[in-house]
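For reference, the structure is listed below as C-alpha cells.
There are 2 protein chains.
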Amino acid sequence: MGASARKHDVFQAIADPTRREVLRLLAEKERPISEISAHFPISRTAISKHLHILSEAELVRGKKAGRERIYQLQPEPLKELKQWLAYYEQFWDNKLQKLKYIVEEEIE
Amino acid sequence: MGASARKHDVFQAIADPTRREVLRLLAEKERPISEISAHFPISRTAISKHLHILSEAELVRGKKAGRERIYQLQPEPLKELKQWLAYYEQFWDNKLQKLKYIVEEEIE
DNA sequence: ATCATATATAACCTTTTGGTTTCATGTAAA
DNA sequence: TTTACATGAAACCAAAAGGTTATATATGAT
Numbered sequence: 001m002g003a004s005a006r007k008h009d010v011f012q013a014i015a016d017p018t019r020r021e022v023l024r025l026l027a028e029k030e031r032p033i034s035e036i037s038a039h040f041p042i043s044r045t046a047i048s049k050h051l052h053i054l055s056e057a058e059l060v061r062g063k064k065a066g067r068e069r070i071y072q073l074q075p076e077p078l079k080e081l082k083q084w085l086a087y088y089e090q091f092w093d094n095k096l097q098k099l100k101y102i103v104e105e106e107i108e
Numbered sequence: 001m002g003a004s005a006r007k008h009d010v011f012q013a014i015a016d017p018t019r020r021e022v023l024r025l026l027a028e029k030e031r032p033i034s035e036i037s038a039h040f041p042i043s044r045t046a047i048s049k050h051l052h053i054l055s056e057a058e059l060v061r062g063k064k065a066g067r068e069r070i071y072q073l074q075p076e077p078l079k080e081l082k083q084w085l086a087y088y089e090q091f092w093d094n095k096l097q098k099l100k101y102i103v104e105e106e107i108e
C-alpha cells in the first residue's frame, strides 16, 4: 500500500487548533521547537508531540542543526485535502466558481 | 463568540473517515438514517452520533418526515476550510496556480 | 387498538488524545 | 571538563471519541 498506511493522515492532523497554529507559524518561517512552543501556553513536550503528529502526516519536516531541531512546513499533503474539497465545491457553486473549476481541471 | 462557539467545528467533523463517507453518501442524495447506516458495518446508533456531530458543524441538516429523519448535505461550512487552505496554496504554487489564486480573489 | 418501524436517548465500555512531570542524552559554551 | 541548554522519551493521567446494548417514544400500517 502507500500513503494511506500512515498512522496520522492530513485530515486528522489539521483537526486540532494547536496544530493548525503550529502550521501557521511554520508557514512564516522555519523554527526550532523551543521557539514554536514559546507561542503556546502548554509545555514544550506537548508541542513536541504535536510536531510528531504533523511529521507523520508529512506536513512538517525537522532537520537537526546542532542541538536544535529546526522544523519547516511541508505543504504537499494539503493537496489531498484540496482534492477532497474540490468534489464538494460543485454544491455551493455559482457560475463563476464553476468556470474557475473547469479552468483548474485544465491546468492540472 | 459566534460560529466559533460551536462544540464541533468543520475541521474536527471531517477528521473521521466514517463521517467523510457519510458526507459523500449525502452528496449523492438526501437519505434517512437507516439508509445511511446500511452502508456501514457499525450500529445505527453510532451513525446517529456521527450525524449529530456533522449537524453541530452544520455540514448536514435533518428534516423530519413522518417517522423518518431525512438528512441532507449542507456544504457551506466547507468554505471555511477552503479559505484556510487558500493560504497554504501559495507554498506549493507554480505560476498558473498563482494566476488562478489572483483570479479567485477578484471573484470573491 | 395493536403492532411494527424509525429514531432518540441513556448508560456503559475501551481506546485515543492531549496534556503533564520526570529523567536521559547530545551538543555548545565557559 | 563541567555546566547549561535543547530535545527525546517514558510513565502517567483525565477527558473525549467512538463504539456498544437496552430502553423509550413517535408514527405508520393492520
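Sequence lines, in order, name chains A and B. First residue of the first sequence: 1, per full-length UniProt numbering; consecutive thereafter. First residue of the second sequence: 1, per full-length UniProt numbering; consecutive thereafter. Glycine included, every Cβ here is placed at the ideal spot set by N, Cα and C. It should be emphasised that the depicted structure is a prediction, and the values quoted were computed from it without experimental measurement.
Practice task
If I'm right that I47 (chain B) touches S37 (chain B) with Cβ under 8 Å, what's the distance once you round it to whole angstroms?
Solution key: About 4 Å separates the Cβ atoms of I47 (chain B) and S37 (chain B), confirming a contact at the 8 Å cut-off.
Practice task
Starting from G62 (chain B), follow its DSSP beta bridges and name the residues at the other end.
Solution key: B:Y71
Problem - Contacts around L73 (chain B), its chain only, beta-carbon distance under 8 Å, and the 5 residues preceding and following it disregarded - result: Once the five neighbours on either side are set aside, the close Cβ partners of L73 (chain B) are L23, L26, A27, E30, L59 and V60.
Handout entry: When B:V10, B:E21, B:K7 and B:G62 are compared against P32 (chain B), the one with the closest alpha-carbon
Key = With distances taken between Cα atoms, P32 (chain B) lies closest to B:G62.
Handout entry: Alpha carbon of H39 (chain A) to alpha carbon of A65 (chain B), nearest angstrom
Key = 50 Å
Practice task
Assuming F11 (chain A) contacts I14 (chain B) (C-beta within less than 8 Å), just tell me the rounded distance between them.
Solution key: 6 Å
Handout entry: 8 Å Cβ cutoff, L81 (chain B) in contact with chain A
Key = yes
Problem - Neighbourhood of L78 (chain A) by C-beta, 7 Å cutoff - its chain only, sequence neighbours within 5 removed - result: These residues qualify, in order along the chain: V10.
Problem - Between the CA atoms of E21 (chain B) and residue 137 (chain A) - distance to the nearest angstrom - result: The question about residue 137 (chain A) has no answer here: the residues shown for chain A are numbered 1 through 108.
Handout entry: Short CB-CB distance (under 8 Å) between F40 (chain A) and chain B
Key = So no, F40 (chain A) is outside the interface.
Practice task
Could you name the residues of chain A that E76 (chain B) contacts, counting a contact when the two beta carbons are closer than 8 Å?
Solution key: Under the 8 Å cutoff, chain A gives W92.
Practice task
Give a yes or no on whether the minimum CB-CB distance between residue 109 (chain B) and chain A is below 8 Å.
Solution key: Here chain B comprises residues numbered 1 to 108, so residue 109 (chain B) is not present and cannot be evaluated.
Handout entry: Exposed unless 16 or more other CB atoms sit within 10 angstroms - verdict on Y88 (chain A)
Key = buried
Practice task
Note down, in chain order, each residue of its chain lying with its Cβ closer than 7 Å to the Cβ of A57 (chain A), except the 5 sequence neighbours on either side.
Solution key: R6, H8, D9, V10, A13 and P77
Handout entry: Interface partners of A57 (chain A) on chain B, CB under 7 Å
Key = Result: empty, since nearest Cβ-Cβ is about 11 Å, beyond 7 Å.
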